[in-house]
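K.L.:
Quick note: the sequence shown, position 307, residue 306 per numbering that gives the first Met the number 0, numbers continuous.
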Amino acid sequence: MKVYKFGGASVKNADAIENLFSIVQKEKSELIIVVSAMDKTTNNLELVWEYQLNGNKDKALEKIAEINTFHISIVNDLRIENNGHLIQQINSFTEKLKDYINSSISGNKAFCYDQIVSYGELLSTTIISHYLNYKKLDNLWVDARELIKTTNHHQEARVNWEKSKKQINKLINGNSKTYVTQGFIGATDDGITTTLGREGSDYSAAILAWSKEAEEVIIWKDVSGLLNADPKLFKETEQLFKISFKEAIELSYLGASVIHPKTIKPLQNKGIPLSIRSFLNDSQKGSVISNNGENDRDIPSFIFKPNQLLLSITTKDFSFIFEDHISDLFQLFASYGLKVHLMQNSALSFSVCGIIKAAMLNQLIEKLSENYIVRYNERVDLLSIRHYKNFDLPEIVKNQEVLIQQRSRSTIRYVFKKY
Ligand code: ASP
Ligand code: MG
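Listed below in structure tokens is the structure:
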């Protein structure tokens, strides 16, 4: 069994869906196809949610009508004959959504979010499953809310692994060669819809693969695979063809937008390889993340994080910064939402580089100033080079003021700002 995941961009219109068919058709193994919402549908549903929260029912309904038209137009573009039943299904989903907006079912914000935003994946998978059946690629549509069992932490639900595994093995049991299901969504034991957090479809694919002990997960994307740097910032980039799970986690810790560690973990636990491949060109090799770390050090990766906060903290009486200070500081960072990307300390001062919401910065500084002397710089940049090959100052750091430089055996990091 394999798991394929297609993101919003790879199902954004009829051409993309035809392309999905041409890729899926070649697969000989049993397959679970996990699909995200089409194109910008999740963002549009978030708008519906916001309108609803602000009591702007008309706007919410208008947006739903737009979402409905968008999906119907994709069905029309796919030129499916006798599409009456499919159109009816789409309309019935959007009717349910309208009913939800019209009814006064209340709940907390996050609960409402899940009840609204989950429709994106329900709509996309309904169209895709129907289209594949129409193209004679027999498949079963499965409701992910019966597969992925979660807690009721709405908008960021946590997975109940054992229950999910049981459900997945019960419903995906060889009664079809191909299954189509939704990414991103799940449900509590009581059947209340939940979501797994934005960009959660990769995670859904990992949960399914873990439960089925799949042979492989392939994420089909609009890039050829993992690159060693952002091509928008660096002239020459190279593809990382093979890296280990551990390396992928290290890279994402440094801020690379590889796959989220949450997705990697379950696959790593069962040694299931994860490939990232181009849906535009499926003959390209792609990148594989697996237990094999043999090529981890071959190519240096450049991870650039702009607009960071650099904070330096000293005790007021110039006593040493000890463990108890540091634990106190980290508690404050957590409660003010400072996400730390790098830290450095000396006897008297402790520095961190990270990001914080602008609105929280002043509050944090004020709080810290009660007990410490605080200096900070708001717009510094952070460059990390993993598996550096030499100590030459990289181009992007040249002629900049380097505020911190850190070097370990595997990684060099620079915090710098413009003179
Ligand atoms: N549709 C959801 C989102 O856009 C989940 C996903 O695409 O992974 O965040
Ligand atoms: Mg999406």
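Yeah, the Cβ is synthetic: ideal placement off N, Cα and C, and Gly gets one too. Just so we're clear, the structure is a prediction, and the values are computed from it rather than from any experiment.
1. Got a sec: does the ligand ASP put a non-hydrogen atom nearer than 7 Å to the Cβ of Phe183?
2. Looking at Ser289 and Arg385, is the spacing between their C-beta atoms short of 8 Å?
3. According to DSSP, Cys352 sits in a beta bridge with which residue or residues?
4. In the DSSP assignment, find the unbroken beta strand (DSSP E) run with Ile384 in it and report its ends.
5. Candidates Tyr413, Arg408 and Ser409: which alpha carbon is nearest Gln399's?
6. For Ala204 and Ile271, which I take to be in contact (beta-carbon distance under 8 Å), what is that distance rounded to the nearest angstrom?
7. Tell me the rounded alpha-carbon separation between Leu85 and Lys134.
8. Among Leu309, Asn268, Ile320 and Val47, which has the Cα closest to the Cα of Ser351?
9. Starting from Lys245 and walking both ways along the alpha helix (DSSP H), at which residues does that stretch end?
10. Ordered along the chain, which non-local residues of its own chain (more than five positions away) have a Cβ less than 8 Å from that of Ile298?
11. Assuming Glu215 and Ser274 make a contact with CB atoms under 8 Å, what is their CB distance in whole Å?
12. Return the bridge partner residues of Ile302 from the DSSP annotation.
13. On the premise that Lys416 lies in contact with Val379, defined as a C-beta separation below 8 Å, what is that separation, rounded to the nearest angstrom?
14. In or out: Leu52 buried (at least 16 other Cβ within 10 Å) or exposed?
15. Taking all protein chains shown into account, do 16 or more other C-beta atoms lie within 10 angstroms of the C-beta of His152, making it buried, or fewer, making it exposed?
16. For the beta strand (DSSP E) containing Val396, name the first residue and the last one.
17. Name the DSSP beta bridge partners of Ser286, please?
18. Please report the straight-line C-alpha distance between Thr40 and Tyr202, rounded to a whole angstrom.
19. Across the region 170-190 and the region 59-66, are there enough close Cβ pairs to call them in contact, namely three or more that are closer than 8 Å?
20. Looking only at DSSP bridge pairs, what is Ile217 linked to?
P.N.:
If we stick to the structure as given:
1. yes
2. no
3. Leu309 and Leu341
4. Tyr371 to Arg385
5. Tyr413
6. Actually they do not touch by this definition, with Cβ atoms about 10 Å apart.
7. 14 Å
8. Before going further, note that residue 351 is Val rather than Ser in the sequence given. When only C-alpha atoms are compared, the closest one is Leu309.
9. Phe244 to Tyr252
10. Asn227, Glu237, Leu239 and His386
11. 7 Å
12. Ser383
13. 5 Å
14. exposed
15. exposed
16. Taken as a continuous stretch (DSSP letters only), Val396 belongs to no beta strand (DSSP E), as it is neither H nor E.
17. Ile275
18. 19 Å
19. no
20. Tyr3 and Ser274
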